[in-house]
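Undergrad: Note that the sequence shown covers residues 5 to 215 in this note's numbering.
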Amino acid sequence: TMITQVMDDVAPEKEIRIKGSTEPWIDAEVLELIRERDRALFISNRNKSNPYLKSKYKDLRNKATKLNRAKKSIHFCTKVEEHKDNPKKLWKQFKTLGYSNKNLEKSGIVLEIDNEKCFDPLKVVSEINNYFLTVAASLVSKLPIIDKIFDVESHNFKNYYRNKGVIPKSYKIGRVSENFIQIELNKINPTKSTGIDGIKPIFLKRWRRSY
C-alpha cells in the first residue's frame with residue numbers, strides 16, 4: 005500500500021546480522037579480553053605511527069589466544085572425564101568440538117598428556133585409542149575374584165545358570181563355515197574403537213578373506 009511504501013522510504017528496515025553461538029568454553033573472562041583486544045586493534049589502526057599502541061594490541065592478542073586455548077583444554081578434559089564410561093557420548097562430544105574433522109593440519113586439537121598440553125593430532129588420537137584399549141582391562145581387574153567361576157562343574161556356575169532357567173548341558177555350539185565367519189566380519193563397523201585384543205576393526209573387515 006501507499007502507507008507502507010512511504011514508511012519504507014522514510015524508515016527502511018534495517019538488516020541485523022545474528023551472530024553464531026560462541027564455543028562452550030568461551031566465558032565472560034575470555035569475551036572481556038577479546039573486547040579489550042579488539043578495542044586496542046581499533047585504536048592502533050587509527051594511530052599507526054604509535055608503536056606503543058601496536059605493541060599493546062599484540063600483547064592483548066597473545067593473552068586472548070593463550071586464555072582461549074587454556075579454557076578450551078580445560079573444557080575438553082572435563083568432558084572426557086565426564087563421559088569416560090560412555091563411549092557414545094564421548095565421541096559425540098568430540099564431534100561437537102570439531103575433533104571428527106579429517107583435516108589434521110588445522111584441527112586445533114588440544115589434549116593434556118602427562119600433565120603437558122599436546123597439540124599434535126596424531127598423538128592425541130593415539131592417546132585416545134590407547135585409553136579405549138586399556139579401559140576394559142582396568143575395569144576387569146577391579147572385579148571381585150570368584151574361585152572357579154568358569155568351571156562348569158562348580159557350585160557357583162550351576163547356581164548362576166539355574167537361576168536364569170538354563171538347563172545344564174543343554175547349550176551346544178554348532179559348526180560354522182568359513183563363509184559364515186567372513187559374512188560376520190563384514191558386518192563389523194570399522195569406525196568403532198579397537199577392542200582389548202588390540203586388533204583394529206578396519207583390519208578385521210578389510211582382510212577377512214586372508215584369515
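Glycine is no exception: its CB is placed at the ideal position from the N, C-alpha and C atoms.
Predicted model, so just to flag it, every value in this text is computed and none were measured.
1. Taking just the CA atoms, how far does Val34 sit from Asp89?
2. Could you tell me whether the Cβ atoms of Leu45 and Tyr56 are closer together than 8 Å?
3. Regarding Pro55 and the ligand SAM, is the C-beta to nearest heavy atom distance less than 7 Å?
4. Which first and last residues belong to the beta strand (DSSP E) in which Lys60 is found?
5. Which residues in the same chain as Ser48 place their Cβ atom closer than 6 Å to its Cβ, once the five residues preceding and following it in sequence are excluded?
6. Using only CA atoms, which one of Asn66, Lys204, Phe80 lies nearest to Leu189?
7. Output the distance between the C-alpha atoms of Cys122 and Leu143, rounded to the nearest integer angstrom.
8. Could you give the DSSP three-state label for Ile216: helix, strand or coil?
9. Could you give the DSSP three-state label for Thr138: helix, strand or coil?
10. Below 8 Å between beta carbons: does that hold for Lys67 and Leu37?
11. Is the separation between the beta-carbon of Pro28 and that of His87 shorter than 8 Å?
12. Should Arg39 be labelled buried (16 or more other beta-carbon atoms within 10 Å of its own) or exposed?
13. When the Cα atoms are used, what is the spatial distance from Glu157 to Pro91?
14. Can you tell me whether DSSP reads Asn163 as helix, strand or coil?
15. Please report how far the alpha carbon of Arg50 lies from the alpha carbon of Glu120, in whole angstroms.
16. Only counting the same chain, and skipping five residues up and downstream in sequence, which positions put a Cβ closer than 6 Å to that of Leu64?
17. Alpha carbon to alpha carbon, what distance is there between Lys209 and Thr198?
18. What do you get for Lys146, buried or exposed, if any count of 16 or more other CB atoms within 10 angstroms of its CB means buried?
19. Taking only the alpha-carbon atoms, compute the straight-line gap between Gly169 and Glu182 and give it to the nearest angstrom.
TA: On the basis of the coordinates in this document:
1. Translated into the one-based positions of the sequence shown, residue 89 becomes position 85. Translated into the one-based positions of the sequence shown, residue 34 becomes position 30. Straight-line Cα distance between these residues: approximately 30 Å.
2. On the sequence shown, position 41 is the one that residue 45 refers to. On the sequence shown, position 52 is the one that residue 56 refers to. No, the pair does not count as a contact, with Cβ atoms beyond the cut-off.
3. By its list of ligands, the structure shown contains no ligand whatsoever, and the ligand SAM lies outside what it can speak to.
4. On the sequence shown, residue 60 is found 56 positions in, with the first residue counted as 1. Careful: Lys60 lies outside any beta strand (DSSP E), inside the alpha helix (DSSP H) at 55–86.
5. Taking the first residue of the sequence shown as 1, we reach residue 48 at position 44. Result list for Ser48: Leu57, Lys58, Tyr61, in chain order.
6. Stepping through the sequence shown from its first residue, residue 189 is reached at position 185. Among Asn66, Lys204, Phe80, the Cα nearest to that of Leu189 is on Lys204.
7. Reading the sequence shown from its first residue, position 118 is the one you call residue 122. Reading the sequence shown from its first residue, position 139 is the one you call residue 143. The alpha-carbon atoms of Cys122 and Leu143 are separated by roughly 26 Å.
8. Lying outside 5 to 215, the shown extent of the chain, residue 216 is not represented and no answer is given.
9. In the sequence shown, residue 138 corresponds to position 134, counting from 1. If DSSP states are grouped into helix, strand and coil, Thr138 belongs with the helices.
10. In the sequence shown, counting from the first residue as 1, residue 67 sits at position 63. In the sequence shown, counting from the first residue as 1, residue 37 sits at position 33. The criterion of a C-beta distance shorter than 8 Å is satisfied by Lys67 and Leu37.
11. Reading the sequence shown from its first residue, position 24 is the one you call residue 28. Reading the sequence shown from its first residue, position 83 is the one you call residue 87. Cβ atoms of Pro28 and His87: not closer than 8 Å.
12. In the sequence shown, residue 39 corresponds to position 35, counting from 1. Exposed: under 16 other Cβ atoms inside 10 Å.
13. Within the sequence shown, numbered from 1, the residue matching residue 157 stands at position 153. Within the sequence shown, numbered from 1, the residue matching residue 91 stands at position 87. Distance between the alpha carbons of Glu157 and Pro91: 37 Å.
14. Residue mapping note: residue 163 aligns to position 159 of the sequence shown, counting from 1. Residue state, collapsed to three classes: helix.
15. Here residue 50 corresponds to residue number 46 of the sequence shown, with the count starting at 1. Here residue 120 corresponds to residue number 116 of the sequence shown, with the count starting at 1. If you take the alpha carbons of Arg50 and Glu120, they lie about 40 Å apart.
16. One-based indexing of the sequence shown puts residue 64 at position 60. Excluding positions up to five away in sequence, the list reads Glu40, Arg41, Ala44.
17. In the sequence shown, counting from the first residue as 1, residue 198 sits at position 194. In the sequence shown, counting from the first residue as 1, residue 209 sits at position 205. So the alpha carbons of these two residues sit roughly 13 Å apart.
18. Translated into the one-based positions of the sequence shown, residue 146 becomes position 142. Under this definition Lys146 is an exposed residue.
19. Locating residue 169 in the sequence shown gives position 165, where the first residue counts as 1. Locating residue 182 in the sequence shown gives position 178, where the first residue counts as 1. Those two C-alpha atoms are separated by around 33 Å.
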